[in-house]
Each structure stands twice: as C-alpha cells, then as structure tokens.
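This is how it looks when you write it as structure tokens:
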C-alpha cells in the first residue's frame with residue numbers, strides 16, 4: 026500500500042456538470058499524475074505535477090484541469106463533463122530521480138450520462 | 098516521444114505452463130522500462146523495472162523480463178504460471194535522465210488468462 030487514496034471511488038454524473046476527483050498521498054512524493062484507463066488504450070496521461078503549483082499537460086489533457094495547492098493533494102476537474110470522459114481514472118505518485126517507478130491509487134470509476 | 102506496442106491483447110495458457118508476454122518500444126532517447134500488473138477492479142502494481150545494468154531483470158511473483166536494446170524489446174516471462182496470475186499486464190516506458198517528469202507511456206495491455 027503506497028499511501029494513496031482517491032475519492033470518490035465511484036461517481037455517476039450528467040453531461041455538462043462539473044466534476045472534481047481527488048487524489049491524496051501520505052508519502053510526501055514530489056510527482057503526482059492523473060491517468061485515464063479505457064479498453065484498447067491502456068493508460069493515458071492526462072496531467073501531472075512536479076511540485077506544489079507546478080503542473081503540466083499530458084497526452085489527453087483537453088477538457089481537464091488540475092490543481093495542486095498542497096504536496097499531498099492533486100485534484101482533477103472536468104469543467105463540463107461529457108460522455109467521452111466516462112472512464113476509470115487513476116492517480117499515481119513517484120519520488121522521481123533514480124526512484125522512477127510510479128505507485129498507483131485504487132482508481133475512480135466515472136460514468137457520464 | 099516514446100511508444101509501446103503489446104502485440105497480444107489476450108494470452109490464454111494452462112496452469113503450470115510457461116508464458117511470454119511481448120513488449121516492443123520505440124524511442125529516440127534512452128529509456129527505463131517497466132511491467133505492471135492489474136488485478137480485476139484494482140490499481141496497477143509494479144512487477145519489475147529495468148533502469149540500467151543487467152539486462153535480465155527479476156521481479157515479484159516469479160516473473161522476469163529481458164531488455165534487448167537491439168530489438169527494442171522487453172518481454173515478460175514466467176516459467177510456470179498459476180491461476181492467481183490471471184490479470185492484465187502493462188508494459189511502460191519513460192525517458193531516462195532528468196527533466197522528463199518520470200512520465201510513463203503505457204502499452205494497451207495484455208490479458209493473461211490462466212486455465213486449469
């Protein structure tokens with residue numbers, strides 16, 4: 026257990042509503058990541074953070090924003106959810122440097138109707 | 098940019114038989130390589146990683162992988178599988194060195210189904 030929690034674990038929402046997913050870590054790792062997992066696509070990086078208030082876009086960032094005001098929390102926001110954002114979202118953390126592996130949270134299943 | 102190809106979307110195998118899950122990558126820079134396993138309704142767990150040194154890497158649960166730079170491959174192997182190895186396996190790559198943000202690029206996954 027890498028000390029990562031995600032909330033909520035499941036959410037059903039309607040098209041056009043805002044949604045915020047939270048990732049919380051107790052490890053004080055510098056790097057945090059948000060991925061989405063879809064059948065046939067594996068995991069794709071949405072956004073990542075390399076420190077408080079330092080974030081950057083990943084491969085599939087359109088329609089998503091992130092914020093990191095504290096080391097331990099990384100928020101992913103869908104400003105206006107669409108059905109194409111129905112997915113399983115995973116948060117991950119990494120020490121960085123020589124410790125290159127990422128540790129993953131349990132995931133959030135989001136359904137947009 | 099990096100890319101990862103996992104050619105086999107599903108691999109059925111009988112219990113106690115050997116298995117190989119294939120992974121090929123493409124990159125213009127040196128890379129680190131990883132294999133992750135995902136059990137149903139769970140997050141991903143690191144099986145093993147190659148950062149440098151010996152090209153044969155041993156991981157958890159009896160798995161091993163061999164880095165072949167000339168063939169840009171990092172195939173995962175286990176000499177004798179168990180029912181509990183049924184899961185989805187992901188190969189991933191990240192650029193080595195500083196400045197890359199440790200970003201991972203994943204393959205599309207291989208579903209390993211172990212049958213009795």
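Chains as they are written, first to last, in this note's numbering: chain A, 26 to 138; chain B, 98 to 213.
Ideal Cβ positions, reconstructed from N, Cα and C, are used throughout, including at glycine.
None of these values were measured; they are calculated from a predicted model.
Residues that residue 119/A contacts on chain B, provided the C-beta gap is smaller than 8 Å: 199
Min CB distance residue 50/A to chain B below 8 Å: So no, residue 50/A is outside the interface.
Residues of the segment 26 to 47 of chain A whose Cβ lies closer than 7 Å to any Cβ of chain B, in chain order: none
Residues of its chain near residue 68/A, where Cβ-Cβ distance is below 6 Å and the 5 sequence neighbours each way are ignored: 60 and 62
N- and C-terminal bounds of the beta strand (DSSP E) containing residue 165/B: 161 to 165
Interface residues of chain A facing residue 148/B [CB-CB closer than 7 Å]: 125
Outcome for residue 101/B when other beta-carbon atoms lying within 10 angstroms are tallied against a minimum of 16: buried
Beta strand (DSSP E) segment containing residue 79/A, residue limits: 79 to 82
Residue 135/A at chain B interface by Cβ criterion, 8 Å: no
Boundaries (first-last residue) of the beta strand (DSSP E) holding residue 157/B: Where residue 157/B is concerned, there is no enclosing beta strand (DSSP E), given that its DSSP letter is neither H nor E.
Residue 111/B classed as buried or exposed, judged by whether at least 16 other C-beta atoms fall within 10 angstroms: Exposed is the call here.
Where residue 124/B falls: helix, strand or coil (DSSP): coil
Below-8 Å beta-carbon distance, residue 115/A vs any chain B residue: yes
Simplified DSSP assignment, three categories, for residue 127/A: strand
Span separating the alpha-carbon of residue 40/A from that of residue 107/A: 5 Å
C-alpha gap between residue 192/B and residue 99/B, whole angstroms: 8 Å
Start and end residues, beta strand (DSSP E) containing residue 117/B: 116 to 118 is the span of the beta strand (DSSP E), which, as asked, contains residue 117/B.
Under 8 Å between C-beta atoms of residue 135/A and residue 112/A: Going by beta carbons, residue 135/A and residue 112/A fall inside the 8 Å limit.
Cβ-Cβ separation, residue 117/A to residue 132/A (assumed contact under 8 Å), whole Å: That pair is no contact at about 10 Å.
Rounded separation between residue 176/B and residue 45/A - CA only: 44 Å
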